[in-house]
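Peer 1: Before we start, here is the structure in question, set down as structure tokens.
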Amino acid sequence: MKIMLDAGHGPDTNGKQTPDGKMKEFEFNEVVAQFVKNELTAFGLVVMNSHNRERDVPLKERTNLANKMGVDAFISIHANAYGTTWNSVSGIETFTYTKPSEQSIILASLIQTSLCSITGRSNRGVKKADFAIVRDTRMPAVLVECGFMTNKNESTLLQSIEYRKRCAKAIAFAILCWIQQKR
């Protein structure tokens, strides 16, 4: 089983940060993706990254790589934002394409349930969106938003190593459950 992890955006993507500038989104995304990779490789899975620590890999390059490598699932990890200033919007949400496969829906539901359960954050649900990263992949693909950088409480969590590890464990557990239900 081959899994591709995508730490959304890149180290220098403009505007993708907390309102106070203390954390760039890629910092959270990349650390969580690495923790997920560690968890999954411990179970013998082949895990690849679509992202690069040195640059913001274009979306088309990310999806082309996933398609070329023939991975079994694609998971894009993100921290959310509502505007660019502090506000009260909070919670976790997971996205599939607007016309998702059955397996994408199952994977998204497992990730959403696991993340909300393990982190205790509010459940904003599984949603559909025309994001290139889930549209242009030819395998089950989801984009998960692990909390809002624009919410002060969640921003603090997103910057903590403990929360990042909890998110990673939740995502890895959900992927393992998804693999098990396919058998």
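Count the sequence shown with full-length UniProt numbering and you get residues 1 to 183, in order. Glycine included, C-beta positions come from ideal geometry on N, C-alpha and C. Since the model is a prediction, treat every value here as computed from it, not as a measurement.
Given that a residue counts as buried once 16 or more other Cβ atoms are within 10 Å of its Cβ, and exposed if not, what is THR6?
Peer 2: It should be pointed out that residue 6 corresponds to Asp in this sequence rather than to Thr. Counting Cβ neighbours within 10 Å, ASP6 comes out buried, since at least 16 surround it.
Peer 1: Measuring CB to CB, does MET139 end up less than 8 Å from GLU25?
Peer 2: No, the Cβ-Cβ distance between MET139 and GLU25 is not below 8 Å.
Peer 1: Can you tell me the Cα-Cα spacing of GLN17 and MET23, whole angstroms?
Peer 2: Each residue's alpha carbon lies about 6 Å from the other.
Peer 1: Can you tell me the Cβ-Cβ gap for PHE74 and ALA141, rounded? I've got them flagged as a contact below 8 Å.
Peer 2: Indeed they touch by this definition, with Cβ atoms about 4 Å apart.
Peer 1: Taking 8 Å as the threshold (C-beta atoms), are GLY15 and THR85 in contact?
Peer 2: No. Outside cutoff.
Peer 1: Is it right to say GLN181 is buried, meaning 16 or more other beta carbons lie within 10 angstroms of its own, or is it exposed?
Peer 2: Exposed.
Peer 1: Do LEU40 and VAL31 have their beta-carbon atoms positioned less than 8 Å apart in this structure?
Peer 2: No, Cβ-Cβ distance for VAL31 and LEU40 is not below 8 Å.
Peer 1: Please report the residue range of the alpha helix (DSSP H) in which ASN153 lies.
Peer 2: Unbroken alpha helix (DSSP H) run through ASN153: 152 to 158.
Peer 1: Which complete beta strand (DSSP E) runs does the stretch 27 to 62 hold, if anything under 3 residues is left out?
Peer 2: Here the runs fully enclosed are 46 to 49.
Peer 1: By how many angstroms is the C-alpha of GLU102 removed from the C-alpha of LYS165?
Peer 2: Those two C-alpha atoms are separated by around 28 Å.
Peer 1: Does the separation of the CB atoms of LEU65 and TRP178 fall below 8 Å?
Peer 2: No, they are not a contact pair.
Peer 1: For the beta strand (DSSP E) containing LYS128, name the first residue and the last one.
Peer 2: Here the beta strand (DSSP E) through LYS128 covers 123 to 128.
Peer 1: For a quick check, are the C-beta atoms of ASN49 and GLY91 less than 8 Å apart?
Peer 2: Taking 8 Å as the Cβ cut-off, ASN49 and GLY91 do not qualify as a contacting pair.
Peer 1: Among GLU54, SER76, ASN29, which has the Cα closest to the Cα of ALA132?
Peer 2: For ALA132, the nearest C-alpha among the options comes from SER76.
Peer 1: Which residues bound the alpha helix (DSSP H) around VAL134?
Peer 2: Segment 132 to 135, the alpha helix (DSSP H) holding VAL134.
Peer 1: How would you write the range of the beta strand (DSSP E) that ALA81 sits in, first residue to last?
Peer 2: First-last for ALA81: undefined, no H or E at that position.
Peer 1: Over the uninterrupted alpha helix (DSSP H) stretch that includes LYS2, give me the two end residues.
Peer 2: Counting along the chain, LYS2 falls outside any alpha helix (DSSP H), though it belongs to the beta strand (DSSP E) covering 2 to 7.
Peer 1: What did DSSP end up calling LYS68 once you bin it into helix, strand or coil?
Peer 2: Here LYS68 sits in helix by DSSP.
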